[in-house]
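Here's the structure, in structure tokens; my notes come after.
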Ligand code: PMP
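In UniProt numbering, the protein residues as written are 1 to 358.
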């Protein structure tokens with residue numbers, strides 16, 4: 001039975017990448033040593049991390065005045081790192097409250113003593129549409145505006161970036177990093193863990209404009225952008241295996257026509273599922289159509305018992321991890337880069353048959 005994994009992250013990886021890892025695991029580049037055993041200070045690893053950085057630059061068309069950095073600690077680590085490194089002038093951050101992960105980012109900054117102003121929130125609409133600020137904001141007031149480009153749990157995405165005046169834009173791209181195209185130069189900084197679209201858990205990508213990186217005192221070295229720039233992301237031992245595996249996914253992504261190529265496939269995948277849901281008399285997606293995510297699609301029958309039955313039957317059919325986040329309920333299909341169109345077709349066929357039986 002073919003298994004398709006619709007998990008929200010860690011998530012499905014490209015088959016050829018898994019195969020290549022399997023083949024190369026005992027001996028990387030003919031060295032007789034496993035990638036899991038080699039020093040991060042070796043020439044072997046230098047080549048791997050430099051190639052990964054170059055591929056990120058190529059895929060995202062990263063301008064020369066931006067740094068590409070590899071951290072650990074996930075998106076959650078960056079909820080702390082971003083304010084500590086960037087909110088050094090006003091100690092004030094603007095935030096658009098688009099859901100669970102935006103709230104978490106705001107809470108972490110508040111915890112660390114920064115003022116967080118929520119410009120708009122769609123909480124009272126159960127986050128089924130995206131918030132936009134009503135009044136203009138200014139860099140005189142805020143160090144940056146934090147947005148979550150794709151809301152993994154709620155299933156919304158900013159396909160057009162919100163108004164931010166002259167305020168530096170910070171994007172949490174955790175769940176649509178390189179799944180749809182954004183202009184890096186529209187942001188001061190973007191970050192995200194790679195474990196959804198780009199690799200196994202353990203690597204956090206940060207792309208930051210040069211003028212925002214400055215010496216900052218009294219912050220943990222492990223989250224210090226200035227140190228990581230100086231040390232080429234090797235201030236301490238980086239996750240060697242994970243950076244290698246991410247590098248393989250980046251190469252695979254280039255073979256798919258880069259972000260432009262994969263975005264077309266992602267649009268096809270999403271349209272297939274949304275079209276089914278919009279026609280269905282049993283299942284529905286309740287997100288405002290223009291705000292719908294390409295990568296995370298929540299849906300429900302409106303009856304928790306039937307939802308549960310559908311999830312169980314899907315699992316038996318090899319369609320895995322379709323349970324929605326506990327805060328939303330229902331089902332959720334995550335359609336990240338490595339999910340093939342055939343997987344979404346199998347899901348739609350299954351849902352169609354399930355509906356016929358109900
Ligand atoms: N932001 C978003 C949008 C996410 O989806 C997640 C994880 N699901 C996070 C941040 C937190 O990331 P991590 O688990 O890498 O800390």
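Every residue, glycine too, gets a C-beta built ideally from N, C-alpha and C.
Burial state of residue i (16 or more Cβ within 10 Å)
i           : result
residue 83  : buried
residue 113 : exposed
residue 97  : buried
residue 281 : exposed
residue 332 : buried
residue 342 : exposed
residue 146 : buried
residue 116 : buried
residue 269 : buried
Neighbourhood of residue i by C-beta distance below 7 Å, restricted to the same chain and skipping five residues each side
i           : result
residue 304 : 329
residue 226 : 213, 214, 215 and 216
residue 427 : Because the chain in this structure spans residues 1 to 358, residue 427 falls outside the shown range and cannot be described.
residue 267 : 294
Three-state secondary structure assigned by DSSP to residue i
i           : result
residue 372 : The first residue shown for the chain is 1 and the last is 358, placing residue 372 beyond what the model contains.
residue 52  : helix
residue 94  : strand
residue 298 : strand
residue 72  : coil
residue 192 : strand
residue 292 : strand
residue 326 : coil
residue 115 : strand
residue 33  : coil
residue 159 : coil
residue 204 : strand
residue 178 : coil
Beta-carbon proximity list for residue i, same chain, < 6 Å, skipping 5 on both sides
i           : result
residue 186 : 161
residue 49  : 243
Residue i: CB within 6 Å of a non-hydrogen atom of ligand 1
i           : result
residue 175 : yes
residue 74  : yes
residue 101 : yes
residue 9   : yes
residue 149 : no
residue 97  : no
residue 113 : no
residue 152 : yes
C-beta neighbour in chain C for residue i, strict 7 Å
i           : result
residue 106 : Here there is only one protein chain, and chain C is not present.
Contact set for residue i: own chain, Cβ-Cβ below 8 Å, skip 5 residues either direction
i           : result
residue 88  : 143, 214 and 216
residue 262 : 178, 179, 253, 256 and 337
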